[in-house]
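This report concerns only the one structure given below.
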Amino acid sequence: MRLLAFVVLLVAVLAKDYKSYSNLDCPGNDIHQEKTQDVEKLKSICDSMDDCVGFNTHGWLKKACPNAQVTPGVDAYLISSSVIIPTGEEPDMLLWPMPVKYQGGDEVVAVDSTNLRFHVNFESAEMTKAIQRFKQTIFTRRFAEAPKKAIREVDIMIENKEVVFEISKDESYGLAVPSDGSSIQITAKNIYGAYHALNSLMFLIQFNHDSATYIIKHAPIKVEDTPFLHYRALMIDSARHYLPIPAIKRIIDSMAWIKLNVLHWHLVDDESFPIQVPSMPEMWKGAFSSQERYTHWDIEEVVSYAKERGVHVVPEFDMPGHANSWCKGKPEICPSSECTTPLDPSTEATFEVTETLMQDMLGGGRAEGLFPGQYFHVGGDEVNTKCWEEVEHVKAWMAARNLTTTGAYGYFVNRVLEQVRGHGREAIAWEEVYNNHKASIPKDTIIHLWLGDGENLKNIVNDGFRVIVSNYKHWYLPQLWETWDYYYGNDFLKDISKDQWHLIHGGEVCMWGEYVDISDFEATIMPRTIAAAERMWTQPELLDKDRAVIRFPYFRCEFNRRGIAASPAFGTGRSNPVGPGSCMKQ
195 MRLLAFVVLL
205 VAVLAKDYKS
215 YSNLDCPGND
225 IHQEKTQDVE
235 KLKSICDSMD
245 DCVGFNTHGW
255 LKKACPNAQV
265 TPGVDAYLIS
275 SSVIIPTGEE
285 PDMLLWPMPV
295 KYQGGDEVVA
305 VDSTNLRFHV
315 NFESAEMTKA
325 IQRFKQTIFT
335 RRFAEAPKKA
345 IREVDIMIEN
355 KEVVFEISKD
365 ESYGLAVPSD
375 GSSIQITAKN
385 IYGAYHALNS
395 LMFLIQFNHD
405 SATYIIKHAP
415 IKVEDTPFLH
425 YRALMIDSAR
435 HYLPIPAIKR
445 IIDSMAWIKL
455 NVLHWHLVDD
465 ESFPIQVPSM
475 PEMWKGAFSS
485 QERYTHWDIE
495 EVVSYAKERG
505 VHVVPEFDMP
515 GHANSWCKGK
525 PEICPSSECT
535 TPLDPSTEAT
545 FEVTETLMQD
555 MLGGGRAEGL
565 FPGQYFHVGG
575 DEVNTKCWEE
585 VEHVKAWMAA
595 RNLTTTGAYG
605 YFVNRVLEQV
615 RGHGREAIAW
625 EEVYNNHKAS
635 IPKDTIIHLW
645 LGDGENLKNI
655 VNDGFRVIVS
665 NYKHWYLPQL
675 WETWDYYYGN
685 DFLKDISKDQ
695 WHLIHGGEVC
705 MWGEYVDISD
715 FEATIMPRTI
725 AAAERMWTQP
735 ELLDKDRAVI
745 RFPYFRCEFN
755 RRGIAASPAF
765 GTGRSNPVGP
775 GSCMKQ
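Below, the structure written as structure tokens:
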């Protein structure tokens, strides 16, 4: 077995006995910056603080150093910490996320990329496309003839031939790679488990530049796997900056590789309404421009593309707040031209618009409409009801019904939740809907937790609601100062008993779009989303941050090799390489 892919230097604790490291820093672990750069003065200041483990020569005091990074021009003085310095070697297990069971050997086996044949136990157009994608993703180089003792067969045995595209179906799979050149064996309950097996196999296959052939190391390999969370999501926001369809497809590809299965698409907000609503063509007057719009054909294309990769698309139309852009197409549903949001709860015109919207988006029932999946996200967050108190006709409507602004907010939310249910969907709503209306909303509403560090999670599950976890202090991607290990370390189960785990419906990292666009989109999302994906997929007892730090850089580099602009593994969000060198050392 190869030793660790990183050199772990343990700094002993002896009255804060500092050790110096030249051209090294610990990004994202700052306490604050002192005005002095004098080493002795900085030692004295750090000595006086319980949470200080060191500093750099720019005067930044450090609280930890789990992600040391080569940084020319700055030195670090550190104590009581494991300083992880990348060496550029690859890990022994080339899988992410960590599977339930993994056994590997010491052999290297070749793969005949020219003659590799896949055998599925029934005719399946979906599997045929999946196999084509597999080959197009992995076999990208010109290669030499494979040796005789090379793998040329992949046998895929799927138990359930019926294609039912739903969250919470069994996604388990088995994967066995022999060392003698015989067939690779894949078993799965359904095609979506088979997709996961193929994505795992893609990570295992490498190109050997010396022989110009494809190989699998550490054979024989046996994998058994199943996810911990059924709903594993990434949110994108195309309301603050338009995201072209090709960019969205690339993100869907990268999600499937790490077994994320939900794309939460925040489609509209105050700033823009870029989506075509066929029955209300005036709605996309709220787009930034005529070229920054999504036609209904665009939506169909994205939804179909995602489904072929086992990814569900969940649309969000945030209401009644965050809805200023609705007023450009339908001014009659806004309180006034001067005070536009929240949407006007006092007129039936508002609910006629939301119903027509859902008819186009969701159809008459399950598996219909532009978004045929299980869920519809109604938003419901950050509702500032000041307009309702200032606009006379809304104020009179509330008074006639003896409603406070909070009551009017609850009235709106429950009307919309009823409409969602009428279209055969499960409704998702942001945490404020629970905080303000938990007594009146249906118990089958899924609460999307985001406030703080998730302190409200225990209350929500105690009240019997299902939850999607996106606590912003850990799983909001615009926090560029946070490193991969912070996303990996989101221990949202710490206060939840095992008998309530079934109410944790899913997890989700969120990429709000105010300060990101197509120019830096991938580098902001990746590789920190890769880290969160393991937290969502892997069984809690198998999560191992110390082992993950050894494995993580390889997969960031693998994303780069596949054309995804994932930023350096040991930097903060969207960081640059610190200088020349291997991808594995960044």
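All you need for the working numbering is the position in the sequence shown, starting with 1, plus 194.
Ideal placement from N, C-alpha and C gives every residue a C-beta, glycine not left out.
This structure is a prediction, so every number in the text was calculated from the model and none was measured.
- With a cutoff of 8 Å on beta-carbon distance, histidine 390 and histidine 571 are scored as not near each other.
- At a Cβ-Cβ threshold of 8 Å, glycine 646 and asparagine 629 do not count as neighbours.
- With fewer than 16 other Cβ atoms inside 10 Å of its own Cβ, aspartate 685 counts as exposed.
- Note on isoleucine 712: under 16 other CB atoms within 10 angstroms of its CB, so exposed under the neighbour-count rule.
- When DSSP states are grouped into helix, strand and coil, histidine 668 belongs to the helix group.
- Contact check for proline 774 against alanine 763 fails: the beta carbons are separated by 8 Å or more.
- The beta carbons of valine 348 and isoleucine 380 sit about 7 Å from each other, so the pair counts as a contact at 8 Å.
- Burial is judged here by how many other beta carbons sit within 10 angstroms of a residue's own beta carbon; proline 293 has at least 16 and is buried.
- When the five nearest sequence neighbours on each side are left out, the beta carbons in the same chain lying within less than 7 Å of the beta carbon of phenylalanine 401 are those of Arg335, Tyr408, in order along the chain.
- Taking 8 Å as the cut-off, the Cβ atoms of threonine 677 and threonine 766 count as close.
- One Cα belongs to arginine 756, the other to glutamine 231, and the distance between them is close to 42 Å.
- For aspartate 714 and isoleucine 325, the gap between their C-alpha atoms comes out near 31 Å.
- For leucine 457, the pairing in a beta bridge is given by DSSP as Leu428, Val507.
- Taking C-beta atoms as the reference points, lysine 580 and lysine 522 fail to come closer than 8 Å.
- The continuous alpha helix (DSSP H) containing methionine 552 extends over residues 542-556.
- Burial state of tryptophan 669 is buried, judged by a 10 Å Cβ sphere holding 16 or more other Cβ atoms.
- The closest CA to that of aspartate 419, considering only Ala370, Pro438, Pro440, Ser466, is found on Ala370.
- Under the Cβ criterion (8 Å, minimum of three pairs), the stretch 430-449 does not count as touching the stretch 339-347.
- If you draw a 10 Å sphere on the C-beta of phenylalanine 316, you find fewer than 16 other C-beta atoms in it, and that means exposed.
- Counting every other CB atom within 10 Å of its CB across the protein chains shown gives asparagine 578 a total below 16, marking it as exposed.
- By a beta-carbon distance limit of 8 Å, methionine 477 contacts phenylalanine 467. Their separation comes to about 6 Å.
- For the 8 Å CB-CB criterion, isoleucine 724 and arginine 745 do not form a contact.
- Per DSSP, alanine 441 is one residue of the alpha helix (DSSP H) stretching across 439-451.
- Apart from the 5 residues on each side of it in sequence, valine 497 sits with its Cβ closer than 6 Å to the Cβ of Val507 in its chain, given in chain order.
- As computed with DSSP, lysine 213 is found in a beta bridge with Leu272.
- At least 8 Å separates the beta-carbon of glutamine 613 from that of glutamate 546.
- The C-alpha of tryptophan 491 is placed about 14 Å away from the C-alpha of lysine 443.
- By the C-beta density criterion, tyrosine 680 is buried, having at least 16 other C-beta atoms within 10 angstroms.
- Using a Cβ distance threshold of 8 Å, leucine 537 and histidine 617 do not count as a contacting pair.
- DSSP, read as helix, strand or coil, puts asparagine 656 in helix.
- Per DSSP, the unbroken beta strand (DSSP E) holding glycine 248 starts and ends at 248-250.
- Of the candidates Tyr296, Asn384, Lys257, Asn384 places its Cα closest to the Cα of valine 314.
- In the structure shown, threonine 265 adopts coil according to DSSP, grouped into three states.
- If you look at tryptophan 624, you'll find it isn't in any alpha helix (DSSP H); it sits in the beta strand (DSSP E) that goes 620-624.
- For glycine 368, the enclosing beta strand (DSSP E) covers residues 367-371.
- In the DSSP assignment, glutamate 716 falls within the alpha helix (DSSP H) that extends over 715-719.
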